[in-house]
Amino acid sequence: MSNNNRTGTRLRSIKLLLVALLLGVTGGLVAPSAASAAPLSTQRVQWNLAAMSYLKYSDADGVSGPKTTAAVKQFQADQCLAADGVVGPATDARLQSVMRQIQAKVGVTQDGAAGPATRDAIKAYQARNGLTADGYAGPATFAKMGLTRTCTPPSGGGSSQVIHPLSAASDRVACAAGTRDLGVHQGFYQGKGMKVRLCAIPGFASTGAESTPGSRYYIKGANREAIVNARVSGPVRDLFAAAKRSGVTMRAGSTFRSNAHQTALWNNNPDPRMVARPGTSAHQGGYAIDFSGITAKNRNATCATRATQWGNAQYKWLRGNASRFGMKQYAVEAWHWDFLPLNSRCS
Numbered sequence: 012m013s014n015n016n017r018t019g020t021r022l023r024s025i026k027l028l029l030v031a032l033l034l035g036v037t038g039g040l041v042a043p044s045a046a047s048a049a050p051l052s053t054q055r056v057q058w059n060l061a062a063m064s065y066l067k068y069s070d071a072d073g074v075s076g077p078k079t080t081a082a083v084k085q086f087q088a089d090q091c092l093a094a095d096g097v098v099g100p101a102t103d104a105r106l107q108s109v110m111r112q113i114q115a116k117v118g119v120t121q122d123g124a125a126g127p128a129t130r131d132a133i134k135a136y137q138a139r140n141g142l143t144a145d146g147y148a149g150p151a152t153f154a155k156m157g158l159t160r161t162c163t164p165p166s167g168g169g170s171s172q173v174i175h176p177l178s179a180a181s182d183r184v185a186c187a188a189g190t191r192d193l194g195v196h197q198g199f200y201q202g203k204g205m206k207v208r209l210c211a212i213p214g215f216a217s218t219g220a221e222s223t224p225g226s227r228y229y230i231k232g233a234n235r236e237a238i239v240n241a242r243v244s245g246p247v248r249d250l251f252a253a254a255k256r257s258g259v260t261m262r263a264g265s266t267f268r269s270n271a272h273q274t275a276l277w278n279n280n281p282d283p284r285m286v287a288r289p290g291t292s293a294h295q296g297g298y299a300i301d302f303s304g305i306t307a308k309n310r311n312a313t314c315a316t317r318a319t320q321w322g323n324a325q326y327k328w329l330r331g332n333a334s335r336f337g338m339k340q341y342a343v344e345a346w347h348w349d350f351l352p353l354n355s356r357c358s
């Protein structure tokens, strides 16, 4: 074989390999860096989702779209994962783990990747056990197999009360009902680092960098809505709803703030009278909200001389109602309200 022929063959092989790799990661559904035992591809994810009755087999075409994203989100919610519609390492690992359990029950190779053999084996299992033999392992099939389809949420969530202690990690605290789980992130409480579960409050608009898509500090899934710690997600949800019933729509600037963001603010103005040192801001615990449109400040204020802005509808409502939800004003800033048990916080 000539050198030219060898070169041509080698180039064709490289092109085929690149095409195969691209087919596996295009479409925005799967995270390119996700590691798994079975090769990660959109079609493999779709087959697993279909075998678990989150998707139709006819939709397992290797192309990500709204149906697939919705199916991923539902699976993630059922498994107590952050429901962002993206198959990253955690979601992919869970998909394969659940699929292996199903495959073990129906007697096929436990490779974590559904295909025609798994579909047909599910159908045969269903027929043997008096179930609708359609090849989709839905809730009834899971129950018959003795498998858990939906997880038990982490303890403590859903409360309309503050879940104490605020100083403890909240990675095992569930977001309150009606809020959106954004997953576990690094937070801080008065200088101590801790893992915090963050929750978005639907309808509660926020212009904070962590809430804004495209920002370098954006937290995926926030979608321009307020972000708070799971421990206070119930009270913030209820505060927002109560204000709205009174005709006041709350809007926020900064809510949860990442350490990278707080560090950047500090580096830009390293004055503790103006900016909290990194690790010490109530925003970094997910316990503070800066309400938009309120600007009054009194640098040396106590609760007796706190900054006020009675002409602002949000401020007026907060002064009369926020304490019912456990939230208090920082005396120095009329816009800053949080849940910290400090003397500088005013009912």
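Taking this note's numbering, the leading residue of the sequence shown gets 12, the next gets one more, and so forth. Where a beta carbon is used, it is the ideal one built from N, C-alpha and C, also for glycine. Just so it is clear, the structure is predicted and the values come from calculations on it, not from any experiment.
The beta-bridge partner set that DSSP reports for residue 113 is empty.
The stretch 200-282 contains, as complete beta strand (DSSP E) runs of 3+ residues, the segments 203-216, 236-240 (chain order). In this structure the stretch 232-244 lies against the stretch 290-310, because at least three pairs of beta carbons, one per stretch, are closer than 8 Å. Cβ-Cβ separation between residue 58 and residue 125: approximately 4 Å, consistent with a contact (criterion under 8 Å). Here residue 357 is bridged, per DSSP, to 340.
In this structure, DSSP gives residue 96 a state outside helix and strand, which the three-state scheme calls coil. Looking at 176, 64, 119, the one whose alpha-carbon comes closest to that of residue 153 is 64. Under DSSP, residue 197 takes part in a beta bridge, and its partners are 206. By the Cβ rule, the stretch 225-237 does not count as touching the stretch 280-294, because fewer than three pairs are nearer than 8 Å. Within the same chain, and ignoring the five residues on either side of residue 290 in sequence, the residues whose Cβ sits closer than 6 Å to its Cβ are 199, 202. Residues 217, 219, 221, 222, 237, 238, 239, 294, 297, 299, 300, 301 of the same chain have their beta carbon placed closer than 8 Å to that of residue 266, with the five preceding and five following residues left out of the count. Between residue 343 and residue 312, the gap from beta carbon to beta carbon is short of 9 Å. Residue 318 is positioned such that its CB atom lies closer than 9 Å to that of residue 308. Here the alpha carbons of residue 192 and residue 123 stand approximately 27 Å from one another. Where residue 131 is concerned, the enclosing alpha helix (DSSP H) starts and stops at 127-139. When the beta-carbon positions are compared, residue 95 and residue 56 stay at least 9 Å from each other. The continuous stretches of beta strand (DSSP E) do not include residue 346, and DSSP gives it neither H nor E.
Distances from the alpha-carbon of residue 92 to those of 185, 339, 67 put 185 closest. Beta-bridge partners assigned by DSSP to residue 191: 211. When secondary structure is reduced to three states using DSSP, residue 84 falls in the helix class. Cα atoms of residue 261 and residue 148: separation of roughly 44 Å, rounded to the nearest angstrom.
Partner residues in the beta bridge of residue 308, as assigned by DSSP, are 344. As the crow flies, the alpha-carbon of residue 107 is around 13 Å from that of residue 83.
In the three-state DSSP reduction, residue 299 falls in the strand class (E or B).
Contact annotation: residue 110 and residue 136 have beta-carbon atoms that are not nearer than 9 Å. Nearest Cα to residue 224 within the set 98, 235, 271: 235. The alpha-carbon of residue 158 is positioned some 25 Å away from that of residue 182. By the CB criterion at 9 Å, residue 337 and residue 243 fall inside the cutoff.
Our two residues, residue 252 and residue 215, have alpha carbons roughly 9 Å apart in a direct line. Counting of Cβ neighbours within 10 angstroms places residue 175 among the exposed residues, the total staying below 16.
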